[in-house]
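I have placed the structure first, in the form of structure tokens, so that the comments after it can refer back to it.
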Amino acid sequence: MFEPLQYEFFVRGLVSATLVGGLCGFIGVYVVLKRMSYIGHGLAHAIFGGAVVSYVMSINFFVGASVWGFVSALLINITTRKQRIGADAAIGIVTTASFAVGIALISRFRTFTRSFDAALFGNILAVTADDLVAIVLVVILSAVIIIVGYKFFLFATFDSEVARYYGVPTGWVDTMLSLVLAATIVVSIQVLGVTMIAAAIVIPPIVARLLTNSFANMMLLSTGVGAFCGMGGIYLSYYVDVSSGATVVLFSAALFMLVLTLTGIRSRIASARGKAASRSSLMDMESGPLH
Amino acid sequence: MLHPVPHEDTHEPPIVELRGVTTGYEGRHVLTDVTMSIAPGDFVGLLGPSGSGKSTLLRCILGTVDLYSGEVVVEGRSVTQRRPRAGYVPQLETIDWNFPVTVQEVVMMGCTMDYPLFPWHRRRGKERAARIMDRLGISNLARRHIRELSGGEQQRTFLARALVSNPRLLLLDEPTTGVDIKTRDDVMHLLDELNHEGITVVMSTHEINSVAAHLPRAVCLNGRLTADGPPGEVFTTEILSRTYGAEMPVTDYEGITIVAERPHFFGRENTRRRQRHGHNVAEKRHPVGRDNRAQPHSHRHGHGE
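Just so you know, the protein sequences line up as chains A and B, in that order.
The opening residue of the first sequence carries number -7 in my numbering; numbering runs sequentially from there.
The opening residue of the second sequence carries number 5 in my numbering; numbering runs sequentially from there.
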């Protein structure tokens, strides 16, 4: 258990994966409740395009990719607000187009030497001290934003239109959360990989949702589950010698299956009890949050 | 009848005033040239077919739609200058019932803008929420998920959210749509109690008879204002036909105006039968006693046959 902790690269990877997992779980609550689950997948691809552009133009990766991701997220929000276009379609259009920019640049400049394997599938060994600093900065940014805006986020996520009637600045809320989302994905790419981020964003909130009916609890639980999966996934990666992004996702998926099974059994027991007592009102209450 | 007479005219300035309002979305006019005012303590039912502008009128009062012309004044201030302080209850159908929120969390949303820069809800807000939930009889449900509530409890939860910031004006979008008859009655009596406590209530609805039974004032819309007044005066076959584009027989049962659905024979055999019996087809609705059958009255059928 403590054996891998003697390697500095492992400790750095473990800390980064835990923080990144928590971040993804935290912002995932908003993403899942807004029914935009695929925005994580899409934005990761868009940011890959941004990374290539910053590389070609020799701009700092974090700056270039964050700006690119943030602009893509804003474009998705703006497109979605035009009511006839659904969020799913907007994600499909905007993010694939930005991904295509990256691919176009790579194929145009054939001299491209940099390996993008790590970016696509995640490589925890390649996490540098700079990467870790960036992750910590994003954690602080997200914490500040959520502490200041918690009330707004709850109302705007629950019912954006009515929140607007009550004077909540819903446009700002969406912009702030897009910023956190873009920043989270930028710092997660190194650890999880473009192709694995979607699961890290979606699984923890769903696990949390199975366990609670309260928004505040879901936020806390999802962040915790995400961090736990990040940590567990890295340990798994060390012992089975598999790429870190994949192990984090597999670890989360296994946890999801476990929780799903347990809550399923619990609700069956509850409904069986309800039937036995023939108290139908009780049965409705305890048959679980997603029924 | 809960209101024997409409609220008497007070000399207080109106709480809501619409002056020649034309409004809509993306350049499309939904309401044209609406002028009306609502006095403090009024209880107004907005009627009209789907798409007639009921919800738009509510949004207009909230100041969240574009005004193409005219002015909306709430509590003496134009809504374009300052967001009015009004409680709003959305249609229950628009709520995401799977969203992870408890009753308490929903009610507290109503305090969101009380101290916008303060990250958490303050104790004063929490105390007010506790009082309102107590008043509406949902305190024992505070920790329940919104899905685990009955229709009446759901409606009370969202009412509590609207009332928690102590508004003088309460706007409700179809509070009686999609609820069973007991819940509807429950909601209407609750609104009436709140109204008697001094809150001005404006609600849109499809339930003409609920309006007739509970509300002192009905406003009919169909892209423009088609009628405004006490239900007994407003609910005539002629006005309802202008509002809904359909003929509906109107009758009176022990002083309550009742609008019935048009039976298949309405305006045909029935009219002929009565003409055979030498009845006059009246120009205007007139009350009939409880033993009389619903009598259809309309200009068109009256003169046409």
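We put the beta carbon where it would ideally sit given N, CA and C, even for glycine.
Computed from a prediction, not measured in an experiment: that's the story for all the values here.
If I'm right that S8 of chain A touches I127 of chain A with Cβ under 8 Å, what's the distance once you round it to whole angstroms?
Start at 1 with the first residue of the first sequence, and residue 8 of chain A comes out as number 16. Start at 1 with the first residue of the first sequence, and residue 127 of chain A comes out as number 135. Indeed, because the Cβ distance is near 5 Å, the residues count as touching under 8 Å.
Contact check, N69 of chain A vs H149 of chain B, beta carbons under 9 Å
Your numbering for residue 69 of chain A matches position 77 in the first sequence. Your numbering for residue 149 of chain B matches position 145 in the second sequence. No, they are not a contact pair.
On the DSSP bridge list, what partners appear for A175 of chain A?
If you number the first sequence from 1, residue 175 of chain A lands on position 183. Answer by DSSP bridge pairing: none, since A175 of chain A is not bridged.
Anything in the stretch 199 to 212 of chain A with a Cβ closer than 9 Å to a Cβ of chain B? List those residues in chain order, please.
A200, R201, T204, N205, S206, F207, A208, N209, M210
Along the chain, where does the beta strand (DSSP E) that runs through V69 of chain B open and close?
For the purposes of this step, residue 69 of chain B is taken as the residue at position 65 of the second sequence. Per DSSP, V69 of chain B belongs to no beta strand (DSSP E) and is neither H nor E.
Going residue by residue through the stretch 120 to 186 of chain B, where are the continuous alpha helix (DSSP H) segments of at least 4 residues, counting only ones entirely within it?
127 to 139, 155 to 167
Rounded to whole angstroms, what is the Cα-Cα separation between L11 of chain A and L25 of chain A?
Here the question's residue 11 of chain A lines up with position 19 in the first sequence. Here the question's residue 25 of chain A lines up with position 33 in the first sequence. Answer to the nearest angstrom: the Cα atoms are 22 Å apart.
CB contact below 9 Å: N284 of chain B versus chain A
If you number the second sequence from 1, residue 284 of chain B lands on position 280. In this predicted model, N284 of chain B has a pLDDT of only 46, less than 50, meaning its place in the structure is not dependable enough to derive any value.
Examine the ligand ADP and report whether any of its heavy atoms sits within less than 8 Å of the Cβ of G218 of chain A.
Within the structure as shown, the ligand ADP is missing, as the structure has no ligands at all.
Member of B:T180, B:L145, B:S82 whose CA lies at the smallest distance from the CA of Q95 of chain B:
Walking along the second sequence from the start, residue 95 of chain B turns up at place 91. Answer by Cα proximity: B:T180.
Is the CB of E109 of chain B under 9 Å away from at least one CB in chain A?
Here the question's residue 109 of chain B lines up with position 105 in the second sequence. Chain A, which has a Cβ nearer than 9 Å to the Cβ of E109 of chain B, makes this yes.
Only counting the same chain, and skipping five residues up and downstream in sequence, which positions put a Cβ closer than 7 Å to that of I142 of chain B?
Translated into positions along the second sequence, residue 142 of chain B becomes position 138. Excluding residues within five positions, the ones whose Cβ falls inside 7 Å are V107, E157, R160, T161, A164.
In the stretch 178 to 216 of chain A, which residue ranges form an unbroken alpha helix (DSSP H) of at least 4 residues, counting only runs that do not cross its ends?
189 to 203
Coil, strand or helix - T292 of chain A by DSSP
Given that chain A is displayed from residue -7 to residue 283, the structure contains no residue 292 of chain A and the question cannot be resolved.
Can you tell me where the alpha helix (DSSP H) holding L252 of chain A begins and where it ends?
Numbered from 1 along the first sequence, position 260 holds the residue referred to as residue 252 of chain A. Counting along the chain, the alpha helix (DSSP H) containing L252 of chain A begins and ends at 236 to 268.
Can you pull the chain A residues whose beta carbon is under 8 Å from the beta carbon of L66 of chain B, in chain order?
Counting from 1 along the second sequence, the entry for residue 66 of chain B is found at position 62. Here the neighbours are Y157.
Any 3 or more C-beta pairs closer than 8 Å across the stretch 51 to 65 of chain A and the stretch 29 to 41 of chain A
yes
On the three-state DSSP scale, how would you describe P(-4) of chain A?
Your numbering for residue -4 of chain A matches position 4 in the first sequence. DSSP places P(-4) of chain A in helix when its eight states are reduced to three.
Within 9 Å, strictly: CB atoms of G24 of chain B and D70 of chain B
As a first step, residue 24 of chain B is located in the second sequence; it is residue number 20 there, counting from the start. As a first step, residue 70 of chain B is located in the second sequence; it is residue number 66 there, counting from the start. No, Cβ-Cβ distance for G24 of chain B and D70 of chain B is not below 9 Å.
Is the separation between the beta-carbon of A315 of chain A and that of F144 of chain A shorter than 9 Å?
Shown here, chain A extends from -7 to 283; a query on residue 315 of chain A therefore has no answer.
Along chain A, in chain order, which residues have C-beta atoms closer than 8 Å to that of Y248 of chain B?
Numbered from its first residue, the second sequence carries residue 248 of chain B at position 244. Neighbours of Y248 of chain B on chain A: none; closest Cβ ~27 Å, over 8 Å.
Are there three or more Cβ pairs, one per stretch, closer than 8 Å when the stretch 243 to 259 of chain A is compared with the stretch 212 to 229 of chain A?
yes
Is the stretch 222 to 236 of chain B close to the stretch 33 to 53 of chain B, with three or more CB pairs under 8 Å?
yes
With distances taken Cα to Cα, identify the nearest neighbour of V76 of chain B among B:A264, B:T26, B:G55, B:R132.
The sequence position of residue 76 of chain B within the second sequence is 72, counting from 1. Among B:A264, B:T26, B:G55, B:R132, the Cα nearest to that of V76 of chain B belongs to B:T26.
State whether the stretch 256 to 265 of chain B contacts the stretch 82 to 91 of chain B, with contact taken as three or more CB pairs (one from each stretch) at a distance under 8 Å.
The answer is no - the stretch 82 to 91 of chain B does not touch the stretch 256 to 265 of chain B, with fewer than three Cβ pairs under 8 Å.
Starting from the beta carbon of L146 of chain A, find every residue of chain B whose beta carbon is closer than 9 Å, and list them in chain order.
Indexing the first sequence from 1 puts residue 146 of chain A at position 154. V105, E109, M112, M113, T116, listed in chain order.
Taking Y72 of chain B as the query, report the chain A residues whose CB atoms sit under 7 Å from its CB, ordered along the chain.
The residue you call residue 72 of chain B lines up with position 68 of the second sequence. Per Cβ cutoff of 7 Å: no residues; Y72 of chain B is ~19 Å from chain A at best.
Buried or exposed for Q(-2) of chain A, going by 16 or more other Cβ atoms inside 10 Å?
On the first sequence, position 6 is the one that residue -2 of chain A refers to. It is exposed - the Cβ of Q(-2) of chain A has fewer than 16 other Cβ atoms within 10 Å.
Could you check where the beta strand (DSSP E) with E16 of chain B kicks off and where it finishes?
Within the second sequence, numbered from 1, the residue matching residue 16 of chain B stands at position 12. Counting along the chain, E16 of chain B falls outside any beta strand (DSSP E), and DSSP gives it neither H nor E.
Within chain A, the residues that P94 of chain B reaches when beta carbons sit closer than 9 Å
Residue mapping note: residue 94 of chain B aligns to position 90 of the second sequence, counting from 1. Within 9 Å Cβ-Cβ: D151, E153, V154, Y157.
Of all Cβ atoms in chain A, is any one closer than 9 Å to the Cβ of L22 of chain B?
Counted from its first residue, the second sequence places residue 22 of chain B at position 18. So, not an interface residue.
Residues bridged to V38 of chain B [DSSP beta-bridge criterion]
For the purposes of this step, residue 38 of chain B is taken as the residue at position 34 of the second sequence. Beta-bridge pairing links V38 of chain B to B:V25.
Would you tell me roughly how many angstroms separate the C-alpha atoms of G52 of chain B and L229 of chain B, rounded to the nearest one?
For the purposes of this step, residue 52 of chain B is identified with residue 48 of the second sequence, where counting begins at 1. For the purposes of this step, residue 229 of chain B is identified with residue 225 of the second sequence, where counting begins at 1. Each residue's Cα considered, the two are about 10 Å apart.
Which residues in chain B have a C-beta closer than 7 Å to the C-beta of V140 of chain A? List them in chain order.
The sequence position of residue 140 of chain A within the first sequence is 148, counting from 1. Those within 7 Å of V140 of chain A in chain B are P123.
Compare the beta carbon distance of Y119 of chain B and R126 of chain B with 9 Å and say whether it is the shorter of the two.
If you number the second sequence from 1, residue 119 of chain B lands on position 115. If you number the second sequence from 1, residue 126 of chain B lands on position 122. Contact: yes.
Run through the DSSP bridge pairs and tell me what I127 of chain A is partnered with.
Position 135 of the first sequence, counted from the first residue, corresponds to residue 127 of chain A. According to DSSP, which records beta bridges pairwise, I127 of chain A is partnered with nothing at all.
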